[in-house]
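First residue of the sequence shown: 3, per the working numbering; consecutive thereafter.
Even glycine gets a Cβ: it sits at the ideal position worked out from N, Cα and C.
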Amino acid sequence: MQKASEQDAQQLKNRILKSLDDLPPMHEVVMKAQEIMADPNSDMEDLAVIIETDQSIVIRFLKLINSAHYGLSGKVSSIRQACSLLGLRTLQEVIITVGVSNVLGRKLKGYGFVSGELWLHSIATGFCSRILAERKNPELVNDAYVGGLLHDAGKIILDQYVLERKDAFKNLMKDGTKTVIDAEKAILGFDHAEIASDICRKWHIPENVILAIQYHHYPSHSEGSELAYIVHIADYLVRLCGLGYENDDLMVELEEGGLDYLGFTQENFSDISFQVLEYVQEFNSTYHK
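Below you can see the structure in the form of structure tokens.
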């Protein structure tokens, strides 16, 4: 198999970056809501007004906010009520989750993902990242959730290019010694984590979160980003829970020193795994009913 040359890789990357404007954006209402939340002069009333302009967003928002996870099961009947009951961080988390649900929920033929497979793994990794952040650095809780939720967003972008080279990917991975990310680097010349940083900038995601997403497979390359290590460990742990991708889950490993960097041990994982599985079950029963 001929590997991608540096020149071929750069040409393909430029082609992909030019196509970003044609990709599904995060929902316009969600983008405006993020802008409002970032404006110190805005208030919850401004936020409620924006969210209420789109009925599909309202329905998904209320479904999620009424899940048992947020402790408001069946108690919230309007956006304004939700805004009055929840803090800004929780609102931001819910709004971004709703905003990317359609994008991450799509079927990816190149990677062989059925509809919802990427979405479920992403939701679980976001939640697991938040748990890890709560134990290591509570100030990172919200960013950890967003980083985990969006860590594999680059696969949405690369899917059509992987599909065009499906035979090459299959041949490289057929002996079971190479992961999908190995194949991306060999055949395309770069991986989904690199491309994810570009779409996340398009979605106005904070730079520290983008850095974590870019290096979530190799956090030691992130110049000491706690967030990168958190998302890396969460991604690994979620796969151990059976909420990953069948074609390369067994090949994915923790980077050496990752647990030590955050002060975690394998013994911490049992309780966290239970919480993740419980959350995903609750999320599925609420959000998709």
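Exposed or buried, which one is F276 when buried takes at least 16 other CB atoms within 10 Å? exposed
Rounding to the nearest angstrom, what Cα-Cα distance links L151 and N173 in this structure? 30 Å
Candidates G149, R203 and E225: which alpha carbon is nearest E95's? Comparing Cα-Cα distances from E95 to each of G149, R203 and E225, the minimum goes to G149.
In the DSSP output, which residue or residues are listed as bridge partners for F115? L110
Which value, in whole angstroms, describes the spacing of the CA atoms of I81 and D41? 19 Å
Find the nearest neighbour of F271 within the set A146, S199, I133 and F192, judged by alpha-carbon distance. I133
Taking all protein chains shown into account, do 16 or more other C-beta atoms lie within 10 angstroms of the C-beta of P221, making it buried, or fewer, making it exposed? buried
May I ask you to report which of helix, strand or coil DSSP gives H71? helix
Cα-Cα, which of K34, V240, D262 and G73 is closest to F278? First, the amino acid is wrong: residue 278 is Val here, not Phe. Out of K34, V240, D262 and G73, V240 has the C-alpha closest to the C-alpha of V278.
Is it buried or exposed, R203, if we count other Cβ atoms within 10 angstroms and call 16 or more buried? exposed
If you follow the alpha helix (DSSP H) that Q162 is part of, which residue opens it and which one closes it? Element bounds for Q162: G156 to E166.
Under the assumption that I53 contacts I59 (Cβ atoms under 8 Å), give the Cβ distance between them as a whole number of angstroms. 6 Å
Out of curiosity, what's the CA-to-CA distance linking I18 and D193? Each residue's Cα considered, the two are about 12 Å apart.
Does the region 76-91 touch the region 117-126, meaning 3 or more C-beta pairs lie closer than 8 Å? Counting C-beta pairs with one atom in each stretch, the region 117-126 and the region 76-91 have fewer than three that are closer than 8 Å, which means they do not touch.
Could you check if G246 is buried or exposed, using at least 16 other CB atoms within 10 Å of its CB as the buried criterion? With a 10 Å radius around the Cβ and a threshold of 16 neighbouring Cβ atoms, G246 comes out buried.
Does H206 pass the burial test, meaning 16 or more other C-beta atoms within 10 Å, or should it be called exposed? exposed
Going by other Cβ atoms of all chains shown within 10 Å of its Cβ, with 16 needed for buried, is D145 buried or exposed? buried
CB of L49 within 7 Å of CB of A35, strictly: yes
Taking Cβ to Cβ, would you say R137 is nearer than 7 Å to V100? no
Any idea what DSSP makes of K180, helix, strand or coil? coil
Would you identify the three-state DSSP class for N43, choosing helix, strand or coil? coil
Taking its Cβ as the centre, do 16 or more other Cβ atoms sit within 10 Å of E141, making it buried, or is it exposed? exposed
For I38, tell me which candidate among L93, S75, L242 and C130 has the shortest Cα-Cα distance. Across the set L93, S75, L242 and C130, the C-alpha of L93 shows the shortest separation from the C-alpha of I38.
Going by other Cβ atoms of all chains shown within 10 Å of its Cβ, with 16 needed for buried, is D237 buried or exposed? buried
Does the beta-carbon distance from E280 to A70 come in below 7 Å? no
Only counting the same chain, and skipping five residues up and downstream in sequence, which positions put a Cβ closer than 7 Å to that of S103? R62 and W121
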